[in-house]
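With the first letter of the sequence shown counted as 1, position 36 gets the number 36 in full-length UniProt numbering; the numbers rise by one all the way through.
The beta-carbon is built from N, C-alpha and C at its ideal position, and this holds for glycine as well.
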Amino acid sequence: MSSSTLQISYIGLGAIGKHMAGHIANHAASLNYPPLLAYNRTQAKAEELKKTHPVVVATSLEEVAKKSDVIFSCLLNDAAVQETVEALLPHMKPNTILVEQSTIAPKLVKELAQKVSQVGGTYMACPIMGPPLKAAAADLIVLVAGGDSAARSKVLPLMVPVIGKKKIELGENPEESSRLKLCGNFIVTSVVEMLGEYMTLAEASGVGQDKAQELIDNFLPQTMISTYASRISNETFRDQIHFAISTTKKDVNHIIDLANEANAPVPITHTFLKNCDYVLEKHGDYDLTGVVAAHRDQAGIPTDLQKK
């Protein structure tokens with residue numbers, strides 16, 4: 001693999017992937033690399049990216065595998081990742097580096113890393129922490145595991161500071177970054193569950209969610225807690241879907257599996273999952289902050305306080 005002719009590809013152009021792909025495409029162009037090869041199951045998304053960034057649209061995973069030296073991937077769930085990697089494997093060039101940025105189960109990471117190694121490639125698990133707005137601003141946290149020093153020397157400059165300004169390195173076992181990502185998502189889902197209870201308590205006790213939001217903004221300004229609280233108090237969780245509850249449930253189940261394997265109790269995660277199921281059944285596939293609807297229903301206050 002010659003760095004002077006490094007062909008980079010990106011698979012998966014969802015809410016976060018499209019931003020990471022765009023940043024990497026611009027960086028590749030600045031290095032005079034060939035244009036980023038972009039692939040998405042819905043080709044229109046790749047065509048849309050091409051309008052604003054220096055990319056070439058790939059029409060198949062076989063094309064991606066045959067042409068690429070470094071392949072990034074950010075997909076919705078375990079099944080999509082497994083299907084994609086299985087499609088790439090028969091056509092990958094020797095020494096290809098596959099950089100998986102999806103949030104998937106550690107056991108699947110281990111399985112895929114072994115399969116990529118068997119065809120002469122390198123598998124790196126590099127999931128990210130941060131919402132779509134952070135992705136757009138190239139302000140994600142990159143969790144890096146897998147690959148030897150040679151592979152990392154090629155891949156790390158394509159991610160930091162390109163898609164994020166900070167990284168956490170976890171050694172050569174790719175499963176470790178998957179586990180850390182699930183621990184990170186435990187924080188996110190726990191905060192959202194806590195805020196649902198907090199905002200409902202404030203409203204039900206007569207304080208009001210507006211004052212509850214004001215307290216957080218002063219006590220914990222410019223934090224994840226303030227950001228998620230504002231989605232609840234502004235009630236944007238129905239029409240501004242950052243992470244849908246249905247998608248969040250996948251990560252929550254992975255957190256529970258990890259906790260069971262480690263014999264580590266996570267009662268708040270079980271409560272959050274129960275509330276996710278309730279909201280999906282009674283209200284719909286809101287943003288994950290929409291779990292507040294479960295708390296409001298239990299307290300007998302309107303889900304839509306803005307129209308009260």
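Restricting attention to Q114, A113, T103, Y278, the CA atom closest to the CA of M129 is found in T103. The three-state secondary structure of M92, taken from DSSP, is coil.
For L215, the enclosing alpha helix (DSSP H) begins and ends at 209 to 219. Taken through DSSP and simplified to helix, strand or coil, I245 comes out as helix. R179 is the residue among R179, K165, G164 whose C-alpha sits nearest the C-alpha of G171. Only exposed fits S30, as fewer than 16 other CB atoms lie within 10 angstroms of its CB. The shortest C-alpha to C-alpha distance from A46 to any of K18, I245, V70, D69 is the one to K18. When beta bridges are read from the DSSP output, I97 appears opposite V70, T122.
Annotation: L31 is outside any alpha helix (DSSP H) and is labelled neither H nor E by DSSP. For A25, same chain residues with a beta-carbon under 6 Å away, outside a window of 5 residues either side, are L36, H53, P54, V55 in chain order. In the DSSP assignment, I11 falls outside any alpha helix (DSSP H) and within the unbroken beta strand (DSSP E) covering 8 to 11. Sequence-distant Cβ neighbours of A151 in its own chain, meaning closer than 8 Å and more than five residues away, are I97, T122, M124. Between the stretch 284 to 301 and the stretch 214 to 225, the count of C-beta pairs closer than 8 Å stays below three; the two stretches do not touch. Within the model, the alpha-carbon separation for Q213 versus A202 is close to 10 Å. Secondary structure at A202: helix, using DSSP grouped into helix, strand and coil. Straight-line measurement puts the Cα of T248 at about 34 Å from the Cα of K93.
If you draw a straight line from the Cα of D210 to the Cα of Y228, it comes to about 14 Å. Taking C-beta atoms as the reference points, P174 and G206 fail to come closer than 8 Å. The three-state reading of DSSP puts A145 in strand, counting E and B together. For E169, the uninterrupted beta strand (DSSP E) run begins and ends at 166 to 169, by DSSP.
Counting every other CB atom within 10 Å of its CB across the protein chains shown gives D148 a total below 16, marking it as exposed. The Cβ neighbour count for F72, taken over all protein chains shown within 10 Å, is at least 16; the residue is labelled buried.
Just so you know, the alpha carbons of Q118 and E86 end up roughly 12 Å apart. In the three-state reduction of the DSSP assignment, I301 falls in the coil class, being assigned neither a helical nor a strand state.
Judged by DSSP in its simplified three-state form, Y286 adopts coil rather than helix or strand.
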